[in-house]
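*Asks:*
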Amino acid sequence: MLDSSRTFYAIYEDVEGLSPSSPVTINGLRVGSVTKIGFLNTSGDLLVTFNVENDFPFSKNSTAQVYGGGFIGGKSLAIVPEYEEGNLAKSGDTLPGEIEEGLLELVNDRLSPLQQKVEQAIVSADSLISSFNEVMNKDTRHNIRQTFEDISLTASSLKGSAQSVDGLLSENSAKLNRTFTNLDEMTGNLNTFSDTLTQVDIGRIVGDLEKVISDLESVSEKINNGDGTAAKLINDPSVYDNLEGATRQLDQLIQDVKLNPKRYVHFSIFGKNPGPYSPPKDSLK
Numbered sequence: 001m002l003d004s005s006r007t008f009y010a011i012y013e014d015v016e017g018l019s020p021s022s023p024v025t026i027n028g029l030r031v032g033s034v035t036k037i038g039f040l041n042t043s044g045d046l047l048v049t050f051n052v053e054n055d056f057p058f059s060k061n062s063t064a065q066v067y068g069g070g071f072i073g074g075k076s077l078a079i080v081p082e083y084e085e086g087n088l089a090k091s092g093d094t095l096p097g098e099i100e101e102g103l104l105e106l107v108n109d110r111l112s113p114l115q116q117k118v119e120q121a122i123v124s125a126d127s128l129i130s131s132f133n134e135v136m137n138k139d140t141r142h143n144i145r146q147t148f149e150d151i152s153l154t155a156s157s158l159k160g161s162a163q164s165v166d167g168l169l170s171e172n173s174a175k176l177n178r179t180f181t182n183l184d185e186m187t188g189n190l191n192t193f194s195d196t197l198t199q200v201d202i203g204r205i206v207g208d209l210e211k212v213i214s215d216l217e218s219v220s221e222k223i224n225n226g227d228g229t230a231a232k233l234i235n236d237p238s239v240y241d242n243l244e245g246a247t248r249q250l251d252q253l254i255q256d257v258k259l260n261p262k263r264y265v266h267f268s269i270f271g272k273n274p275g276p277y278s279p280p281k282d283s284l285k
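And the structure:
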């Protein structure tokens with residue numbers, strides 16, 4: 001039969017505010033209390049003595065964990081049970097001791113990395129501000145201000161140009177409409193002309209041209225062969241000489257008529273006959 005009241009021990013480097021009469025719990029249920037806390041040796045380790053007032057079995061490897069505490073409540077001692085058959089803890093045994101991280105310790109653990117990041121961010125921000133101040137000197141600020149002024153002037157100029165274009169379009173809208181109308185008419189005429197071309201009998205025209213060319217070739221062949229008057233005029237020198245002589249005599253006659261008209265046209269009541277004909281001095285040779 002297990003003793004319903006047992007005494008156990010646990011050793012700690014720091015009990016973090018645990019005190020005699022602090023409750024002892026198993027799975028949140030109070031089963032006893034701390035009876036004594038004292039130094040174990042000259043190294044400063046602390047020996048905690050506590051009682052368990054029931055016969056709930058747990059092994060020697062169960063831990064005695066200091067936990068809780070915060071802004072208001074105090075510390076407690078929890079037995080975290082291990083269940084190993086044949087190795088049950090009995091009164092007088094020393095259990096392994098450990099400290100659970102409390103609220104303050106948890107907050108500190110969580111805030112420490114955040115604090116480091118904040119410090120790094122502050123240093124980076126300070127460096128950035130310093131660099132920005134170095135870059136944004138008086139000349140740079142002036143240049144930036146001038147750039148924005150130039151952009152504003154450019155925008156105003158573009159706005160004025162847009163208004164001018166709008167006005168020009170408004171003033172010449174009638175002309176533009178007429179121009180587009182003329183373009184539409186021209187396009188229609190071109191389409192009509194294109195349709196007309198597609199309706200022309202190109203084959204018949206080509207046939208007529210081929211007939212004309214054939215006739216010209218036939219005439220040329222006859223001239224080259226000496227057939228017909230035209231061929232004789234071109235190919236027979238005697239015909240050409242006779243024509244040239246007749247032409248020369250006709251020119252001489254016309255010139256003599258101009259120089260001596262009385263010889264050819266005269267009126268005489270006495271019936272005087274004209275003298276014999278002689279070629280004019282400036283007659284053609």
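1 is the number of the first residue of the sequence shown in UniProt numbering; add one for each residue after it. Glycine included, C-beta positions come from ideal geometry on N, C-alpha and C.
#1: For V31, does the count of other Cβ atoms within 10 angstroms reach 16, so buried, or fall short, so exposed?
#2: Could you name the residues that DSSP lists as bridge partners for R30?
#3: Which of the three DSSP states is assigned to F148 in this structure?
#4: Considering only their Cβ atoms, is the gap separating F56 from L46 smaller than 8 Å?
#5: Using CA atoms only, rank isn't needed, just tell me which of N54, I79, G188 and Q249 is closest to R6.
#6: CA-CA distance, G68 and S21?
#7: Could you compute how far the alpha carbon of K159 sits from the alpha carbon of D150?
#8: Quick check on V15: does DSSP put it in helix, strand or coil?
#9: Would L18 be called buried (16 or more neighbouring beta carbons within 10 Å of its own) or exposed?
#10: From K83 to F58, what does the alpha carbon distance come to, in whole angstroms?
#11: Where N61 and V80 are concerned, what is the direct C-alpha to C-alpha distance, given to the nearest angstrom?
#12: Taking 7 Å as the cut-off, is the CB of N54 close to at least one heavy atom of the ligand FAD?
#13: Distance check for T247 and L216, CA to CA, integer angstroms please.
#14: With distances taken Cα to Cα, identify the nearest neighbour of E16 among S33, F148, T49 and V66.
#15: Would you call the CB atoms of F50 and T63 closer than 8 Å?
#16: Look up E84 in the DSSP assignment and say whether it is helix, strand or coil.
#17: Alpha carbon to alpha carbon, what distance is there between D166 and K175?
#18: Which of helix, strand or coil does DSSP assign to E98?
#19: So, helix, strand or coil for M46, using DSSP?
#20: Restricting to Cα atoms, I'd like to know which of D14, S33, V52 and G28 is closest to S43.
#21: Per DSSP, which residues does F39 bridge with? Please list them.
#22: Would you list the one or two residues that DSSP bridges to G68?
#23: Just grab the DSSP bridge partners of N51 for me.
#24: Can you round the beta-carbon distance between A78 and F8 to whole angstroms, since I take them to be within the 8 Å contact cut?
#25: Classify S59 as helix, strand or coil using the three-state DSSP reduction.
#26: Please return the same chain residues whose Cβ sits closer than 8 Å to the Cβ of I37, not counting the five positions on each side in sequence.
*Replies:* Well, looking at it:
#1: For the purposes of this step, residue 31 is identified with residue 31 of the sequence shown, where counting begins at 1. Buried is the label assigned to V31, since at least 16 other Cβ atoms lie within 10 Å of its Cβ.
#2: Sequence index remark: in the sequence shown, residue 30 carries index 30 (1-based). DSSP lists T25 as partners of R30.
#3: Counted from its first residue, the sequence shown places residue 148 at position 148. Helix, per DSSP.
#4: Position 46 of the sequence shown holds residue 46. Position 56 of the sequence shown holds residue 56. No, these two residues do not count as a Cβ contact at 8 Å.
#5: Translated into the one-based positions of the sequence shown, residue 6 becomes position 6. If you compare the alpha carbons of N54, I79, G188 and Q249 with that of R6, the shortest gap goes to N54.
#6: As a position in the sequence shown, residue 68 is number 68, starting the count at 1. As a position in the sequence shown, residue 21 is number 21, starting the count at 1. Each residue's Cα considered, the two are about 15 Å apart.
#7: Start at 1 with the first residue of the sequence shown, and residue 159 comes out as number 159. Start at 1 with the first residue of the sequence shown, and residue 150 comes out as number 150. C-alpha separation (whole angstroms): 14 Å.
#8: Along the sequence shown, read from residue 1 onward, the residue named residue 15 stands at position 15. Looking at V15 - three-state DSSP - the assignment turns out to be coil, as it is neither helix nor strand.
#9: By 1-based counting over the sequence shown, the position of residue 18 is 18. Answer is buried; the Cβ neighbour count reaches 16.
#10: The residue you call residue 83 lines up with position 83 of the sequence shown. The residue you call residue 58 lines up with position 58 of the sequence shown. Note that residue 83 corresponds to Tyr in the displayed sequence, not to Lys. Answer to the nearest angstrom: the Cα atoms are 5 Å apart.
#11: The count along the sequence shown starts at 1 and reaches residue 61 at position 61. The count along the sequence shown starts at 1 and reaches residue 80 at position 80. Rounded to the nearest angstrom, the gap between the Cα atoms of N61 and V80 is 9 Å.
#12: This structure lacks the ligand FAD; in fact it carries no ligand of any kind.
#13: One-based indexing of the sequence shown puts residue 216 at position 216. One-based indexing of the sequence shown puts residue 247 at position 247. Answer to the nearest angstrom: the Cα atoms are 30 Å apart.
#14: On the sequence shown, residue 16 is found 16 positions in, with the first residue counted as 1. For E16, the nearest C-alpha among the options comes from V66.
#15: In the sequence shown, the residue the question calls residue 50 occupies position 50. In the sequence shown, the residue the question calls residue 63 occupies position 63. No. Outside cutoff.
#16: Position 84 of the sequence shown holds residue 84. The three-state reading of DSSP puts E84 in coil, since its state is none of H, G, I, E or B.
#17: Position 175 of the sequence shown, counting from 1, holds the residue named residue 175. Position 166 of the sequence shown, counting from 1, holds the residue named residue 166. The alpha-carbon separation between K175 and D166 amounts to approximately 15 Å.
#18: The residue given as residue 98 occupies position 98 in the sequence shown. Secondary structure at E98: strand, using DSSP grouped into helix, strand and coil.
#19: As a working mapping, residue 46 is identified with position 46 in the sequence shown. Per the sequence shown, the amino acid found at residue 46 is Leu instead of Met. DSSP places L46 in the strand class (E or B) of the three-state scheme.
#20: Residue 43 sits at position 43 when you count from the first residue of the sequence shown. Checked all of D14, S33, V52 and G28; the closest Cα to S43 is D14.
#21: By one-based count along the sequence shown, residue 39 stands at place 39. Beta-bridge annotation (DSSP): F39 is paired with L46.
#22: Within the sequence shown, the letter at position 68 stands for residue 68. In DSSP, G68 forms a bridge with K75.
#23: Here residue 51 refers to the residue found at position 51 when the sequence shown is read from its first residue. The secondary-structure analysis by DSSP pairs N51 across a beta bridge with T7 and S33.
#24: As a working mapping, residue 78 is identified with position 78 in the sequence shown. As a working mapping, residue 8 is identified with position 8 in the sequence shown. So it is not a contact: roughly 13 Å between Cβ atoms.
#25: Working through the sequence shown from its first residue, we reach residue 59 at position 59. If DSSP states are grouped into helix, strand and coil, S59 belongs with the strands.
#26: Against the sequence shown, residue 37 aligns to sequence position 37. V15, L18, S19, P20, L46, L47, V48 and T49.
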